[in-house]
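I have placed the structure first, in the form of structure tokens, so that the comments after it can refer back to it.
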Amino acid sequence: MVAADAALDCFVGAWGFINATLTNTTSGALIPEWHSMYPSGITVYSATRYNSFIITANDTTQPEYRPKDLSLPAKPTDSIAEWATVAQHSLAAGGPFVLANVTVPGGKTPCNGGSTKRVGYGGDHKEEHHRYVGATGPSGIMHNHFTTATLPSWVDFDLSSDFEFFDDCNVHVLRTSFGDVLQTVFFNRLPEHA
Numbered sequence: 340m341v342a343a344d345a346a347l348d349c350f351v352g353a354w355g356f357i358n359a360t361l362t363n364t365t366s367g368a369l370i371p372e373w374h375s376m377y378p379s380g381i382t383v384y385s386a387t388r389y390n391s392f393i394i395t396a397n398d399t400t401q402p403e404y405r406p407k408d409l410s411l412p413a414k415p416t417d418s419i420a421e422w423a424t425v426a427q428h429s430l431a432a433g434g435p436f437v438l439a440n441v442t443v444p445g446g447k448t449p450c451n452g453g454s455t456k457r458v459g460y461g462g463d464h465k466e467e468h469h470r471y472v473g474a475t476g477p478s479g480i481m482h483n484h485f486t487t488a489t490l491p492s493w494v495d496f497d498l499s500s501d502f503e504f505f506d507d508c509n510v511h512v513l514r515t516s517f518g519d520v521l522q523t524v525f526f527n528r529l530p531e532h533a
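Residue numbers (my numbering): 340 to 533.
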């Protein structure tokens with residue numbers, strides 16, 4: 340349980356998206372993401388093991404998916420097509436998470452030293468995980484159970500991702516297998532809000 344607690348300590352806080360890619364694991368080809376390679380958004384992890392996130396298209400690189408004339412409350416004169424565009428390029432979800440198979444490299448304290456050990460990637464929710472060469476912090480598997488989401492099919496949806504921490508727990512990566520597609524998302528820790 341000590342390793343899982345160390346990983347939880349690294350997760351707790353707010354995170355911004357650095358980049359996100361979808362890769363066809365058979366061909367190695369990159370697949371265009373609906374939110375571009377550089378999405379906007381935030382994800383927050385609590386010490387009580389809840390996670391919530393919102394991910395959207397990038398306001399700068401994809402302004403066509405971010406119409407600025409929409410606001411809440413919605414008006415009857417609003418364009419349904421513009422609201423549909425926002426919905427098609429946004430996802431928010433939240434719910435509890437569990438950390439499994441957590442390791443801390445070299446038995447060192449979290450994010451203090453590294454290992455270049457590589458273990459095979461086990462997609463499809465298997466209980467193995469892959470470490471990037473140079474990862475310096477806790478790694479393992481995160482199981483999310485989303486109890487709320489803007490996408491109805493994600494309500495009561497389970498998702499498992501490999502995770503790893505770098506840079507004194509200020510950067511982490513989540514890798515999620517969707518059959519023959521691998522999503523890789525890097526995050527950076529946002530500063531504490533005082």
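Glycine included, every Cβ here is placed at the ideal spot set by N, Cα and C.
From a predicted model like this one, the values you see are computed outputs, not experimental measurements.
Asked: Starting from Ala-386 and walking both ways along the beta strand (DSSP E), at which residues does that stretch end?; Found: Run containing Ala-386: none; DSSP gives neither H nor E here.
Asked: State the DSSP-derived secondary structure class of Gln-427, mapped to helix, strand or coil.; Found: helix
Asked: If I measure Cβ to Cβ from Leu-490 and keep anything under 7 Å in the same chain, skipping five residues before and after, which residues do I get?; Found: Leu-430
Asked: Could you name the residues of the same chain whose beta carbon sits closer than 8 Å to that of Gln-401, not counting the 5 residues immediately before and after it, in chain order?; Found: His-374, Ser-375 and His-428
Asked: My understanding is that Trp-354 touches Arg-528, with C-beta atoms under 8 Å, so please give their C-beta distance in whole angstroms.; Found: 6 Å
Asked: Against chain C, with Cβ distances strictly below 8 Å, would Ala-359 count as a contact?; Found: Of the protein chains in this structure there is only one, and it is not chain C.
Asked: Quick check on the burial criterion: 16 or more other C-beta atoms within 10 angstroms. Buried or exposed for Gly-518?; Found: exposed
Asked: Counting C-beta neighbours from all protein chains within 10 Å, is the total for Ala-345 16 or more, i.e. buried, or is it exposed?; Found: buried
Asked: Where does Pro-415 sit, in a helix, a strand or coil, going by DSSP?; Found: coil
Asked: Hey, how far is the Cα of Thr-365 from the Cα of Asn-358?; Found: 22 Å
Asked: Can you tell me whether DSSP reads Trp-493 as helix, strand or coil?; Found: helix
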